[in-house]
Amino acid sequence: MSLTQVFLGLGSNIERETHLSAGLEALAGFLVDMRCSAVFESQPVGIKSGPFFNFVVSAFTDLPLMELDRRLKFIEADNGRYAPDRKGLPLDIDVLLYGEQVGNFDGLILPRAEILKNAFVLWPLSLIAPDRIHPGVGKSFATLWEEAQIDQVLAPVAFEWRGKQLTPLDLL
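One point on numbering: in numbering that gives the first Met the number 0, the residue at position 110 of the sequence shown is 109, and numbering is uninterrupted.
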């Protein structure tokens, strides 16, 4: 079976390092050639909570889109995302891009609209895949970031996974 490149957005605002590391470990169990962007701290958008850590993962999968999305929901659930007594967002994993797919796939709209709306998605995408063309807009992520007029403040943060620093020192 052929592999499809996917880009996933990860975020957490509760025990951020713990939940994001757990999410990465779970993803590493079924994705190949995983690469992570720098990690950024951002203020919440659309909810009242503490600040988030956000970043983007690029990887390849042989899973069909809906199976991938189903597995992401299980990983979120394993980290308390759907617990009735949760006090924030322990782990959020969104499919941003699945190959070159454009459209509505059983309610999952791709490419994800947040790419163009949120700095905590677009900046990491521009770093991890600067020359990749947004399939809905036809511009590279680097160009989209340069042209972005998004009023959000991001701060790069040190974040280590499997002994490797994800955020380059020149960003810190």
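Here a beta-carbon is modelled for each residue, glycine too, at the ideal position from N, C-alpha and C.
From residue i to residue j, what does the alpha carbon distance come to, in whole angstroms?
| i | j | result |
| --- | --- | --- |
| L62 | T142 | 30 Å |
| E193 | E66 | In the structure as shown, the chain starts at 0 and stops at 171, and residue 193 therefore has no counterpart that could be examined. |
| L19 | F158 | 10 Å |
| N176 | G10 | With the chain represented from 0 up to 171, any question about residue 176 goes unanswered, as that position is not in the structure. |
| P89 | I108 | 23 Å |
| G137 | V101 | 12 Å |
Looking only at its chain, what residues have a beta carbon closer than 6 Å to the beta carbon of residue i, apart from the 5 residues adjacent to it on each side?
| i | result |
| --- | --- |
| L71 | I92 |
| R15 | F52 |
Determine whether the beta carbon atoms of residue i and residue j lie at a separation below 8 Å.
| i | j | result |
| --- | --- | --- |
| S48 | N12 | yes |
| V56 | L26 | yes |
| A128 | F54 | no |
| S41 | L165 | no |
| G8 | E113 | yes |
| P110 | G135 | yes |
Just mark residue i as buried or exposed, buried being the case when its beta carbon has 16 or more other beta carbons within 10 Å.
| i | result |
| --- | --- |
| A58 | buried |
| N174 | What is shown of the chain runs 0 to 171, which leaves residue 174 out entirely. |
| V38 | buried |
| G94 | The residue asked about is misnamed: residue 94 is Val in this sequence, not Gly. Answer is buried; the Cβ neighbour count reaches 16. |
| L171 | exposed |
| P167 | exposed |
| I74 | buried |
| R69 | exposed |
For residue i, I'd like the list of residues in its chain whose CB is within less than 7 Å of its CB, leaving aside the five on either flank, ordered along the chain.
| i | result |
| --- | --- |
| T3 | F59, T60, Y97 and G98 |
| R131 | S139 and F140 |
| W122 | F39, W144 and L153 |
To which residues of the same chain is residue i closer than 8 Å at the C-beta, ignoring the five residues directly before and after it?
| i | result |
| --- | --- |
| V31 | L2, A58, F59 and T60 |
| P50 | N12, E40, S41, Q42 and P43 |
The stretch 112-130 contacting the stretch 145-154, beta-carbon criterion three pairs below 8 Å: Touching, yes, given that three or more Cβ pairs across the two stretches are closer than 8 Å.
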